[in-house]
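Residue numbers (our numbering), protein chains in the order written: chain S, 7 to 791; chain E, 7 to 182.
Reviewing the structure listed below.
And the structure:
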């Protein structure tokens with residue numbers, strides 16, 4: 007069903023019906039059925055809370071929630087604080103698992119609403135600017151917006167159609183969020199079921215946000231050979247040009263800024279760069295823009311005095327950026343209603359007046375909610391303010407840094423307040439003697455949060471010292487990355503569908519998400535390079551897409567220089583920003599739809615079951631930080647795509663862990679004959695888990711690519727990689743429980759056959775059947791011929 | 007207990023700080039009948055006076071004669087030093103999940119453990135896994151031998167300097 011507005015207007019009519027003049031008739035919505043248009047409707051369009059609950063509960067039979075409370079109390083109502091530890095319940099009756107499930111569900115709702123509100127803003131902004139633009143990604147993509155088709159059951163033809171899908175998202179999030187109120191949901195499993203549904207909302211909200219900006223701004227529509235763009239804190243020409251730093255995720259003001267620069271031919275006077283997803287999205291539009299880096303670069307960049315103007319939009323922006331910009335005399339422009347920062351709303355004021363006020367310093371920051379005006383103001387102010395600012399920094403010079411270090415009494419408060427427990431005491435101690443090497447070394451481990459500063463009672467800023475010590479690195483940080491390409495083409499899916507499902511392409515590895523790494527920012531590079539060399543498909547987005555490019559090989563090439571952007575064996579696909587993530591889940595859905603001809607429309611459970619059992623895709627959120635990352639994980643997990651997170655993600659409080667030693671849950675129906683109770687490999691082992699080190703994560707990713715439906719050649723290839731990586735990174739010759747992953751002798755890697763057969767003999771292994779597996783009873787009979 | 011190493015990690019139920027190595031030795035020796043030592047990957051990189059932390063732990067393992075679970079990527083080193091029959095490879099989160107299941111049969115098939123000793127883990131990561139064990143088990147004593155005051159462990163150390171930590175571990179080993 008689609009709903010459209012209708013308007014009939016007759017200026018003047020004279021005919022058999024008589025005379026009509028100035029007639030106008032408007033109807034808010036006309037409902038029409040598009041049942042025949044493209045695909046029969048599946049069983050679960052626009053799911054409400056109970057609709058997919060059986061599927062989510064089924065997933066949690068295998069992957070029960072595993073809770074690690076970060077706080078033992080609940081402080082959400084005036085009954086509290088309530089201590090929930092060790093089996094206690096709160097005044098409302100909630101227990102510890104319920105509370106953890108509730109907090110995670112609320113986080114997922116925040117994340118989903120964040121992406122969706124972003125998308126909603128874009129739809130209205132773009133319809134206002136461009137009209138009702140058609141959503142058409144070209145000849146190579148017929149199945150555009152697969153998540154919206156799958157979940158909402160509709161195929162948006164143009165921007166306004168997305169409003170209907172967005173209405174489902176908004177309505178669903180409201181219901182989900184209400185469950186978090188005191189005296190509502192009591193079951194942790196039901197909170198988790200709601201978290202999964204929030205993930206569906208997120209998938210649709212993100213997909214809409216990216217689809218409408220691709221359609222209206224003309225971003226790349228899935229082409230593999232998108233431009234290589236510049237990445238790094240040293241890429242902006244601060245010597246010769248005025249510089250503008252943007253931070254956030256909503257590219258609308260950035261687009262206007264770029265348009266204004268080009269229209270006025272100011273590209274030789276102004277350089278523009280961005281941090282976080284605005285950076286990626288801006289380079290999808292304007293090749294001249296620079297990607298300054300991921301979210302852990304904000305304070306470093308501003309304090310280094312490299313931005314003449316700071317312009318922020320929404321999401322993941324450090325809340326002290328205005329304060330930081332003031333310290334370096336950089337005028338500050340907020341552009342989004344979600345982040346108004348107490349600034350005067352100058353949206354309606356004359357442009358020149360705003361420019362004059364910012365340049366003269368009469369005001370330090372402004373709120374401009376009109377993207378066009380914000381873009382123009384940013385450019386004009388940057389040009390005028392550059393000669394006034396003269397690159398002012400807010401970090402100490404060498405002498406001041408040594409003096410600051412000497413004030414340190416090594417109490418350790420800063421180190422204990424550092425999220426990564428960086429060795430600040432030793433580093434500052436060395437700086438007292440003018441040795442800044444250790445401070446420079448930990449620069450790449452520093453999350454740039456500034457938490458170290460708040461704890462010092464002697465006026466020492468460890469972050470300032472780190473930034474000072476890292477100045478040379480900051481100046482020279484210049485790398486290449488590939489711009490975001492957007493969706494995966496249907497033609498690519500046709501080429502790789504069979505090799506993925508049969509396991510001959512051993513997997514899709516998808517490093518996504520934020521930059522809250524436990525160790526150095528370059529660590530993720532090791533993982534990505536390993537899988538690219540082995541012929542996996544690697545899809546990246548967001549901060550992870552930037553951080554994997556921060557290493558060059560001996561030839562001076564980054565991974566983007568070395569590996570092609572095709573969705574194919576050994577391809578490194580940058581889909582784009584956070585809101586581009588559904589292109590990765592969407593690719594898995596398209597494998598089911600285009601390769602296996604499973605219908606998408608409103609058919610969530612079947613597609614998720616297909617992916618869980620057949621598509622070896624694994625997400626890697628190595629630095630996940632935000633509530634958005636939580637909802638993105640839910641969106642993947644609900645579809646049967648597991649994710650491996652870094653150590654900080656334990657602070658999300660909840661994982662979905664399988665147990666390889668619990669044989670009861672590792673059974674499936676055989677869709678060849680509809681019979682039940684067949685043992686399958688414990689694969690994927692987990693739906694959401696953390697790894698302690700990148701070495702462990704690499705091995706785990708290879709293991710999680712194994713799927714019950716692999717054919718024997720595919721299983722053999724996947725086991726080969728898993729074992730090879732286990733030997734390389736863990737020193738494990740034969741992984742524990744290998745026997746559970748080998749069904750028949752043909753599954754055994756040829757070059758390890760003798761020793762594996764010997765091992766299998768010691769485990770009393772016996773061959774078992776190779777199934778056509780499903781975990782849904784109704785699907786076990788659906789395709790029997 | 008002393009203030010947690012991660013200062014905001016304050017909760018109503020917090021563990022006990024053990025100041026004296028002799029006391030810790032007594033806890034390790036006397037309390038608990040089925041013990042397991044879970045050693046993490048940080049033990050390979052952290053050094054005390056030029057000696058790897060993992061080597062201090064290996065000495066303790068030998069004195070206590072307990073099975074070891076190697077987490078992260080610590081298996082290779084530990085199995086080479088202790089022998090493969092003594093060391094099991096498992097992730098920190100997987101072993102925590104099994105320790106929080108009262109019906110788990112244990113690595114040797116002889117049942118759940120009543121004492122889990124931890125060491126060589128990232129402070130904020132193991133804090134979370136210890137939180138699971140604190141909140142959802144009643145049968146398990148958890149001990150963390152890293153230098154940090156871990157409020158989610160039943161027993162942990164007192165935010166020691168590296169020098170103090172080295173001395174603590176050496177005296178602990180002597181007293182086992």
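Even for Gly, the Cβ is constructed at its ideal location relative to N, Cα and C.
Next item on the list: Helix, strand or coil for residue 643/S, going by three-state DSSP, please let me know.
Entry: The residue you call residue 643/S lines up with position 637 of the first chain. Residue 643/S: helix per DSSP, three-state reduction.
Notebook entry, point to check: Any heavy atom of the ligand SAM closer than 8 angstroms to the CB of residue 598/S?
Noted result: For the ligand SAM, the structure offers nothing, since it holds no ligand at all.
Check: Are the C-beta atoms of residue 53/E and some chain S residue less than 9 angstroms apart?
Finding: For the purposes of this step, residue 53/E is taken as the residue at position 47 of the second chain. So no, residue 53/E is outside the interface.
Margin query: Using the Cβ count rule (16 or more neighbours within 10 Å means buried), how would you classify residue 39/S?
Written below: Here residue 39/S refers to the residue found at position 33 when the first chain is read from its first residue. Confidence at residue 39/S is low in this model, with a pLDDT of 45, below 50, so its placement is unreliable and no value can be given for it.
Next item on the list: Determine the DSSP secondary structure at residue 72/E, reduced to helix, strand or coil.
Entry: Residue 72/E sits at position 66 when you count from the first residue of the second chain. Note: residue 72/E maps to coil in three-state DSSP.
Check: So, is the C-beta of residue 56/E closer than 9 angstroms to a C-beta in chain S?
Finding: On the second chain, position 50 is the one that residue 56/E refers to. It does not; no Cβ of chain S falls within 9 angstroms.
Checklist line | Top-ranked residue by Cα proximity to residue 79/E, from 106/E, 13/E, 49/E and 8/E | finding: Locating residue 79/E in the second chain gives position 73, counting from the first residue. Of the candidates 106/E, 13/E, 49/E and 8/E, the one whose C-alpha sits nearest the C-alpha of residue 79/E is 49/E.
Check: Taking 9 angstroms as the CB-CB cut-off, is residue 169/E touching chain S?
Finding: Here residue 169/E refers to the residue found at position 163 of the second chain. No, residue 169/E does not count as interfacial toward chain S.
Next item on the list: Within the same chain, show all residues whose beta-carbon is closer than 7 angstroms to that of residue 363/S, passing over the 5 residues directly before and after it, in chain order.
Entry: Counted from its first residue, the first chain places residue 363/S at position 357. When the five nearest sequence neighbours on each side are left out, the beta carbons in the same chain lying within less than 7 angstroms of the beta carbon of residue 363/S are those of 369, in order along the chain.
Check: Would you call the region 640-655 of chain S and the region 671-681 of chain S touching, i.e. three or more CB-CB distances under 8 angstroms?
Finding: no
Notebook entry, point to check: Would residue 77/S count as contacting chain E if we go by Cβ distances under 9 angstroms?
Noted result: As a first step, residue 77/S must be located in the first chain, where it is residue number 71. Taking Cβ atoms only, chain E reaches closer than 9 angstroms to residue 77/S, which makes this a yes.
Notebook entry, point to check: Within 10 angstroms of its Cβ, does residue 317/S collect 16 or more other Cβ (buried), or is it exposed?
Noted result: Residue mapping note: residue 317/S aligns to position 311 of the first chain, counting from 1. When all chains shown are included, residue 317/S counts as buried.
Next item on the list: State the Cα-Cα distance for the pair residue 681/S and residue 790/S, rounded to the nearest angstrom.
Entry: Locating residue 681/S in the first chain gives position 675, counting from the first residue. Locating residue 790/S in the first chain gives position 784, counting from the first residue. So the alpha carbons of these two residues sit roughly 11 angstroms apart.
Margin query: Just to confirm my understanding: we take residue 42/S, look at its own chain, exclude 5 residues before and 5 after, and list those with CB closer than 7 angstroms. What are they?
Written below: On the first chain, position 36 is the one that residue 42/S refers to. Note on residue 42/S: pLDDT 49, under 50, position unreliable in the model; the coordinate value appears next. Nothing meets the Cβ criterion.
Notebook entry, point to check: Between residue 199/S and residue 637/S, what straight-line distance do the alpha-carbon atoms span, to the nearest angstrom?
Noted result: Within the first chain, residue 199/S is the residue found at index 193, counting from 1. Within the first chain, residue 637/S is the residue found at index 631, counting from 1. So the alpha carbons of these two residues sit roughly 12 angstroms apart.
Note to self: I'd like to confirm the pairing. Which residues does DSSP put opposite residue 345/S in its beta bridges?
What the structure shows: Taking the first chain and counting its residues from 1, the one referred to as residue 345/S is at position 339. Answer is 342/S, bridged to residue 345/S.
Check: Of the residues that make up the region 620-640 of chain S, which ones have a beta carbon closer than 8 angstroms to any beta carbon in chain E?
Finding: none
Note to self: Using C-beta distances below 7 angstroms, list every residue in its chain close to residue 384/S, excluding the 5 sequence neighbours before and after it, in chain order.
What the structure shows: Along the first chain, one-based indexing puts residue 384/S at 378. When the five nearest sequence neighbours on each side are left out, the beta carbons in the same chain lying within less than 7 angstroms of the beta carbon of residue 384/S are those of 250, 263, 315, 317 and 339, in order along the chain.
Check: Using a beta-carbon distance cut-off of less than 7 angstroms, what residues from the region 15-30 of chain E approach chain S?
Finding: 17, 18 and 19
Next item on the list: Pick helix, strand or coil for residue 557/S, following the three-state DSSP scheme.
Entry: Stepping through the first chain from its first residue, residue 557/S is reached at position 551. If DSSP states are grouped into helix, strand and coil, residue 557/S belongs with coil.
Notebook entry, point to check: Are the beta-carbon atoms belonging to residue 515/S and residue 534/S less than 9 angstroms from one another?
Noted result: Start at 1 with the first residue of the first chain, and residue 515/S comes out as number 509. Start at 1 with the first residue of the first chain, and residue 534/S comes out as number 528. Going by C-beta atoms, residue 515/S is nearer than 9 angstroms to residue 534/S.
Margin query: If I measure Cβ to Cβ from residue 128/E and keep anything under 7 angstroms in the same chain, skipping five residues before and after, which residues do I get?
Written below: As a first step, residue 128/E is located in the second chain; it is residue number 122 there, counting from the start. Same-chain partners within the cutoff: 48.
Notebook entry, point to check: Is the CB-CB distance between residue 642/S and residue 591/S below 9 angstroms?
Noted result: Walking along the first chain from the start, residue 642/S turns up at place 636. Walking along the first chain from the start, residue 591/S turns up at place 585. Going by C-beta atoms, residue 642/S is nearer than 9 angstroms to residue 591/S.
Item checked: Close-in-space but distant-in-sequence residues of the same chain around residue 597/S (CB under 7 angstroms, 5 per side omitted) -> Locating residue 597/S in the first chain gives position 591, where the first residue counts as 1. Answer for residue 597/S: 499, 503, 506, 507 and 621, listed in chain order.
Next item on the list: Could you tell me which residues DSSP puts in a beta bridge with residue 660/S?
Entry: As a first step, residue 660/S is located in the first chain; it is residue number 654 there, counting from the start. Answer by DSSP bridge pairing, in chain order: 73/S.
Checklist line | Residues, ordered as in the chain, of the region 525-537 of chain S that lie near chain E by beta-carbon distance below 7 angstroms | finding: none
Note to self: Quick check on residue 44/S: buried or exposed, where buried means 16 or more other Cβ atoms within 10 Å of its Cβ?
What the structure shows: Translated into the one-based positions of the first chain, residue 44/S becomes position 38. Exposed, since its Cβ has fewer than 16 Cβ neighbours within 10 Å.
Checklist line | Interface residues of chain S facing residue 13/E [CB-CB closer than 7 angstroms] | finding: Locating residue 13/E in the second chain gives position 7, counting from the first residue. Per Cβ cutoff of 7 angstroms: 422 and 423.
Check: Which residues in chain S sit within 8 angstroms of residue 129/E, going by Cβ to Cβ distance?
Finding: Sequence index remark: in the second chain, residue 129/E carries index 123 (1-based). In chain order: 427.
Next item on the list: Give the DSSP-derived three-state secondary structure of residue 681/S in the structure shown.
Entry: For the purposes of this step, residue 681/S is taken as the residue at position 675 of the first chain. DSSP places residue 681/S in strand when its eight states are reduced to three.
Next item on the list: Give me whichever residues DSSP pairs with residue 675/S in a beta bridge.
Entry: Taking the first chain and counting its residues from 1, the one referred to as residue 675/S is at position 669. Bridge partners of residue 675/S: 780/S.
Margin query: Considering just the uninterrupted stretch of the alpha helix (DSSP H) at residue 296/S, what are its terminal residues?
Written below: Position 290 of the first chain holds residue 296/S. First-last for residue 296/S: 296-299, but that is the beta strand (DSSP E), not the alpha helix (DSSP H).
Next item on the list: For chain S, find out if any of its Cβ atoms is closer than 9 angstroms to the Cβ of residue 142/E; answer yes or no.
Entry: On the second chain, position 136 is the one that residue 142/E refers to. Judged by the 9 angstroms Cβ criterion, residue 142/E is in contact with chain S.
Checklist line | Under 7 angstroms by beta carbon: chain E residues contacting residue 204/S | finding: Along the first chain, read from residue 1 onward, the residue named residue 204/S stands at position 198. Counting only Cβ-Cβ distances below 7 angstroms, residue 204/S has no contacts in chain E at all, with the closest Cβ about 22 angstroms away.
Notebook entry, point to check: Just the Cα atoms here: how many angstroms apart are residue 304/S and residue 462/S?
Noted result: As a working mapping, residue 304/S is identified with position 298 in the first chain. As a working mapping, residue 462/S is identified with position 456 in the first chain. So the alpha carbons of these two residues sit roughly 21 angstroms apart.
Margin query: Please confirm whether residue 79/E has its beta-carbon closer than 9 angstroms to some beta-carbon of chain S.
Written below: The sequence position of residue 79/E within the second chain is 73, counting from 1. For residue 79/E, the answer is yes, since a Cβ of chain S falls inside 9 angstroms of its Cβ.
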